[in-house]
Amino acid sequence: MRLAGRLAGFPFVKVVVDLEKAEFHVIDSTGNPLHVHYIAEHILGVPAENLLRDIDAFNHDVYVRPDRRFLLGLLALHRRRPDDGDGEERVFLSLETVEADTMSADMLLSFYRHVRAHLDPSVPLFLKPANHLQETHVAGIPEEELPRLLAHELLSQAPFVPLNSGTAYGRLRLFASAADYRAAARSVEWHDIIVMPRVPDDIPRVSGLVNTEHTTPLSHTNVLATGWGIPNAIQTDLLDRPGLAELDGGWVRYEVAPDAPEVLIEAADRPAGLDSRPPWAAGRVSLERPETAAAEIVPLSWLRMGDHYRYGTKAANLGEVCHVLEHGSRRWLGFYQIPRPPRPDLLGYLAGRLGVSVPADDATLSAAAERLIRQHVEVPRGIALPFSLQRQFLESSPRIQQTIGRLKMALEAGTHHVEDICAELQQMIMETRLPGDLLRRIDDAIVSHLSGVGQFVVRSSSNAEDLAGFSAAGVYESVAHARTLDSIADGVKEVWSSLVSARSVRLREQAGIPLEDCYMGVIVQEWVDVPLGGVLVTCNPADPRDFRNVYVNISAGSVADVVTGTADPVQHLYNTVEGGGRTISLGSARSDLDPATKDSLARLALIGRLLQSHFSPDYLYGVPVDIEWALDGDRIELLQIRPYRPAS
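Note that the sequence shown covers residues 986 to 1633 in the working numbering.
Given below as structure tokens:
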């Protein structure tokens, strides 16, 4: 029998308080049974199938009813050393419900007291509110009566956070600082496993990553690691682990598992038959052939998703959002129409999130979803420059054409001059004037569609990104705060030049994407100056099995602060099935967001889930989306939407 399971590195047991019989139950975690299985077999004495047949009614009885018989939760064990590293290890327990539980303040206090009475009084026990509602409930209870720890207080100090599970064999490289890494960056190879305080955005493709400082799963580096399918984790005490320094530079086995207490790094033999080329080089990422024939500069709102082969994925997807804002979608309900065990039907939950009375038919739910999105979502005005403009510009300069030819030959020959040629080509692009007719076309389009805008952002929109097996997150440039035609033109050239940066060229080469097939569209868009911005993905990056939650990163600065990892964002999870949200980390912030902003973010999470259904490439509607957003009160400015493909 295995009594305890593990969650985010912490050992835990599931517990049940039976108020009717005044009993306390600790559940055997063998096979990870649900609370419902235990209650059916050991308390009610009925087949579990009877309760599972009407799981929604059971969940209402144990998580929602104010006069419920059972109180359900998790009891987790924590060990923490003093911040200075000296002194004895502190051991304590935390008690929490599931995030969907609506326990009142009195019920939470009762739950705590029942559990406290059955534990060793010398071991501290803290209630961990499971959602923002519970945090509000307990705020009025004195801490000496109800000791508590908020989720972000625990998780922000967790020594181990699995970001992407998996196993890799490679050469261990330990770097105590960013400066140490920079000094050795040219020696980093594809088979390396990098351990350092915070892995930088421009890391080349390697075999494994470990951050020894807390970071967000939605930074560019971690999104790339997920797309590459390599093990990735936070392990804050790893550089101090005894014996690890002796493995530096040697071959190791590295494993990240969500139910493990920490990352595993152990000495290993160099794999037999290891080639100088990485295993992923044998395959090729599928890239639809772009169309570079002359095309017009058009408003984003004129585009549809199918226009990606002329304007790039980002521009086409924003155009698609503009279309559904005006015309609606037949696919809003897709995610909620598919059974997701143990939930046979999610449409009733969607009705609850939309404020629709049940039972409700599909037409009523779809209309409510459409009203929600139209009422709260906007896409900042913008224009899209097609691939043909980049082709016209490149062909206007014989020097640029010659240098591109040299770059192709260097790639084919596998020489070490690729980086130098890329730097030369980028500088050449920046120094070359835009042809007069091309500049006039950009000016005419801005006058026609963006007059009255005082500040612009120039964004990349390539055909070589957001692909299955190649995300390119953070690889291409965006330029903010452009105000004049000259600054916009410089921004366009900087975006074009990022297509031939050494890093982007090398990453595409590794993915089998030929240079000659890659083109860059450009978005020139109204700059949105709002109090909050960030990124969300319509999944829980730490738990691929979690179909309920949407992960949101929030910055009071800019979206760039989140994705580049230059600032630690506030991190929230929002349940888009039963409802409710919780704070995972405060990041660099001193306090959490106000209740009204949390409500707006819960609405944003639900909208993200509805957009996931519309953009789904299949009819299971399970592929998450990655959304960059800005928030001003009730208004959501949607800046970017693309598929988010966690490794399976």
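Yeah, the Cβ is synthetic: ideal placement off N, Cα and C, and Gly gets one too.
All values reported here derive from a predicted model rather than from experimental measurement.
Taking the C-beta atoms as reference points, threonine 1298 is found nearer than 8 Å to asparagine 1448.
Between the region 1505-1517 and the region 1431-1450, the count of Cβ pairs shorter than 8 Å is three or higher; the stretches touch.
The beta carbons of proline 1246 and phenylalanine 1145 sit closer together than 8 Å. Approximately 30 Å separates the beta-carbon atoms of glutamate 1074 and asparagine 1116; this is outside 8 Å, ruling out the contact.
Around the CB of aspartate 1086, 16 or more other CB atoms lie within 10 Å, so the residue is classed as buried. Within the same chain, and ignoring the five residues on either side of proline 1580 in sequence, the residues whose Cβ sits closer than 8 Å to its Cβ are His1117 and Thr1121. Boundaries of the alpha helix (DSSP H) around leucine 1118: 1117-1123.
Excluding the 5 residues flanking it on each side, arginine 1238 has same chain C-beta neighbours closer than 6 Å at Tyr1154, Glu1251 and Ala1253, in chain order. Burial of alanine 1025 is indicated by the presence of at least 16 other C-beta atoms within 10 angstroms of its C-beta.
Serine 1570 sits in a strand when the DSSP states are folded into three classes. Assignment of beta-bridge partners to serine 1447 by DSSP yields Met1505. Between glutamate 1034 and the set Asn1044, Ile1028, Val1555 and His1022, the nearest pair of CA atoms involves His1022.
Burial of glycine 1518 is indicated by the presence of at least 16 other C-beta atoms within 10 angstroms of its C-beta. According to the DSSP assignment, phenylalanine 1320 belongs to the alpha helix (DSSP H) that extends over 1319-1322. Looking only at Gln1556, Ile1592 and Ser1585, the smallest Cα-Cα distance to serine 1576 is reached by Gln1556.
The shortest CA-to-CA distance from asparagine 1149 to any of Gly1593, Phe1600 and Pro1526 is the one to Pro1526. The three-state secondary structure of asparagine 1196, taken from DSSP, is strand. For threonine 1152, the enclosing beta strand (DSSP E) has its first and last residue at 1151-1159. Selection Leu1056, Ala1169 and Thr1201 evaluated against asparagine 1538 yields Thr1201 as nearest (Cα-Cα).
Taken through DSSP and simplified to helix, strand or coil, serine 1095 comes out as helix. Scanning the region 1456-1542 for uninterrupted beta strand (DSSP E) segments of 3 residues or longer gives 1464-1467, 1505-1511, 1517-1522 and 1534-1540, listed from N- to C-terminal end. Taking the Cα of proline 1185 as reference, the smallest distance to any Cα among Trp1175, His1176 and Asn1196 is reached at Asn1196. Here the alpha carbons of glycine 1454 and histidine 1176 stand approximately 18 Å from one another. Pairing leucine 1080 with leucine 1060 gives a Cβ-Cβ distance under 8 Å. Under DSSP, aspartate 1003 shares a beta bridge with Glu1008 and Phe1055. Remark: C-beta atoms of proline 1609 and glutamine 1597 approach each other more closely than 8 Å. Gly1319 is the residue among Leu1332, Lys1113, Thr1561 and Gly1319 whose C-alpha sits nearest the C-alpha of aspartate 1603. In the three-state scheme derived from DSSP, where H, G and I count as helix and E and B as strand, tyrosine 1604 is classed as coil.
The shortest CA-to-CA distance from glutamate 1008 to any of Ala1301, Phe995, Arg991 and His1027 is the one to His1027. Excluding sequence positions up to five before and after glutamine 1220, its CB lies within less than 7 Å of the CB of Pro1144, Phe1145, Val1195, Thr1197, Glu1247 and Val1248, all in the same chain and listed in chain order. Contiguous alpha helix (DSSP H) elements confined to the region 1310-1357 occur at 1319-1322 and 1332-1339, taking only those with 4 or more residues.
In this chain, the beta strand (DSSP E) harbouring valine 1180 covers 1177-1181. Beta-bridge analysis with DSSP links glycine 990 to Phe997. Secondary structure of glutamine 1411 (DSSP, three-state): helix.
Looking at the backbone, the Cα of proline 1344 and that of glutamine 1495 are separated by about 52 Å.
Straight across, the Cα-Cα distance linking isoleucine 1368 with valine 1362 is about 19 Å.
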